[in-house]
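**Q**
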Amino acid sequence: MRFCPKDGGIMLPTKKDDKEVLRCKKCGYEEPLDRKAKKAYQIKENKTKSGKVLTTSVVSEREGRKREDDEWEQEREEYYKEVGLDLLRDELEGSEESDEE
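Per our numbering, the sequence shown runs over residues 84 to 184.
1) I'd like to confirm the pairing. Which residues does DSSP put opposite E114 in its beta bridges?
2) I think C110 touches M94, with their Cβ atoms under 8 Å apart; what is that distance to the nearest whole Å?
3) Rounded C-beta distance between C87 and Y112? I'm assuming under 8 Å.
4) Given a threshold of 16 other Cβ atoms within 10 Å of its Cβ, counted over all protein chains shown, does L116 qualify as buried or as exposed?
5) Per the DSSP calculation, P96 is bridged to which residue(s)?
6) Looking only at C-alpha atoms, which of T139, E154, M84, E151 sits nearest to I126?
7) Assign L105 to buried or exposed, taking buried as 16 or more other Cβ atoms, counted over all protein chains shown, within 10 Å of its Cβ.
8) By DSSP's criteria, R85 is part of a beta bridge. Which residues make up the other side?
9) Just the Cα atoms here: how many angstroms apart are D173 and E161?
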């Protein structure tokens, strides 16, 4: 990659009058594109044979993971505990409001 000698901007290859030149993005300064610079600005793409993405572990199984009875029971307990705490909180807030009146 080359930089502009005037203001230090990046010189990019462009076509002008059927010739390739390096042009500064900031000030527009131009200079001819030589073989060495042309080779430095070429982009190469590496392709794999199959084009597939390789992973290192299985993310999930096709059928999905089956939950055990213990897990369902624990989830139910947590749900009922939350519901009970919400009801208790609502009841306590209601009794505090009636006490204030």
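Ideal Cβ placement from N, Cα and C applies to all residues, glycine included.
**A** Quick answer:
1) On the sequence shown, position 31 is the one that residue 114 refers to. Answer is L105, bridged to E114.
2) Numbered from 1 along the sequence shown, position 27 holds the residue referred to as residue 110. Numbered from 1 along the sequence shown, position 11 holds the residue referred to as residue 94. About 10 Å separates the two Cβ atoms, so there is no contact after all.
3) For the purposes of this step, residue 87 is taken as residue 4 along the sequence shown, with counting starting at 1. For the purposes of this step, residue 112 is taken as residue 29 along the sequence shown, with counting starting at 1. Confirmed, about 5 Å.
4) Reading the sequence shown from its first residue, position 33 is the one you call residue 116. So L116 ends up on the buried side.
5) By one-based count along the sequence shown, residue 96 stands at place 13. Paired residue(s): L105.
6) The residue labelled residue 126 in the question sits at position 43 within the sequence shown. If we check each option's Cα against that of I126, M84 comes out closest.
7) Indexing the sequence shown from 1 puts residue 105 at position 22. Buried is the call here.
8) As a position in the sequence shown, residue 85 is number 2, starting the count at 1. Answer is M94.
9) In the sequence shown, residue 173 corresponds to position 90, counting from 1. In the sequence shown, residue 161 corresponds to position 78, counting from 1. So the alpha carbons of these two residues sit roughly 18 Å apart.
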